[in-house]
Amino acid sequence: MNVRITRADESRLRACHEVFLDSPLYDHYFTQEGRLDSLLADGIARRELWVALTAQDEVAGCMWMEPDGFFGAFPYLALLGVKKSFRGMGIGHTLVETFIGVSRSLGYRKCSLLVSHFNPRTKNLYQSLGFKKVGYVPDCILPGIHENIMVKDL
Ligand SMILES: CC(C)(COP(=O)(O)OP(=O)(O)OC[C@H]1O[C@@H](n2cnc3c(N)ncnc32)[C@H](O)[C@@H]1OP(=O)(O)O)[C@@H](O)C(=O)NCCC(=O)NCCS
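Following the numbering used here, the numbering of the sequence shown begins with 35 at its first residue and continues without gaps.
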């Protein structure tokens, strides 16, 4: 499905929140009141949150690209989501490909992301786009949730 990727502003916050509903990611990380919104607001304030818009200007997906988020060394994809009604249509691919393209155009040799142990299909998606697992951090961001560190050579 064709989408237009553009920087998010405050007016998109609610729609970005909705992108993450109905997902294991939401259930594991964002049931605490205000947690997701404060993260999204932070991403918007830093001008690092991007949305995938349909032809009708609906937010179908969103991502947070931190240009030097991997220990200051290279870009890190801090958040990625596609709204439930748009999943499985290629929008996730498009967003990750955009992240890869932006990382490359900024002159970096690598880009990175984390994917949780409960998200094997998403790990497959990243592997199909050239990301390789370089590490595993038990109890990484929250206790009981383990993260795979994935890096792609550009
Ligand atoms: C993971 C996610 C961003 C993928 O976006 P998408 O637009 O559905 O993905 P695409 O259509 O481009 O590609 C589909 C591939 O994504 C993966 N995938 C993971 N979860 C999926 C889901 N719930 N529905 C469809 N595909 C999913 C599969 O590997 C699938 O490949 P397959 O068709 O061979 O099984 C989306 O499913 C989502 O928002 N999930 C909830 C939030 C999340 O887990 N984010 C990632 C955090 S690391």
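Cβ atoms here follow ideal geometry from the backbone N, Cα and C, with glycine treated the same way. Bear in mind the structure is a predicted one, so any value in this text is a computation, not a measurement.
| Asked | Found |
| --- | --- |
| Near ligand 1: residue 158 beta-carbon under 7 Å from a heavy atom | yes |
| Chain-order list of residues whose beta-carbon lies under 6 Å from that of residue 146 (same chain, five-residue window excluded) | 104, 110, 185 |
| Opening and closing residue of the beta strand (DSSP E) in which residue 179 lies | Neither: residue 179 is in no beta strand (DSSP E) and is coded neither H nor E. |
| Pick from 121, 153, 114 that is closest to residue 12, judged by C-alpha positions | Coverage of the chain is limited to positions 35 through 188, which leaves residue 12 absent and any answer about it impossible. |
| Proximity test, residue 103 beta-carbon vs ligand 1 heavy atom, cut-off 7 Å | no |
| Touch test, the stretch 159 to 166 against the stretch 77 to 89, Cβ-Cβ under 8 Å, three pairs minimum | no |
| Range of the contiguous alpha helix (DSSP H) that encloses residue 189 | There is simply no residue 189 to check, as the chain begins at 35 and stops at 188 in what is shown. |
| CA-to-CA distance, residue 54 to residue 60, given in whole angstroms | 6 Å |
| Residue 99 vs residue 136 beta-carbon contact at 8 Å | yes |
| Where residue 165 sits in the DSSP three-state scheme | coil |
| Simplified DSSP state of residue 129, which is helix, strand or coil | helix |
| Distance cut-off 7 Å: residue 87 Cβ against heavy atoms of ligand 1 | no |
| Per-residue burial, residue 181 [other beta carbons within 10 Å of its own, 16 or more giving buried] | buried |
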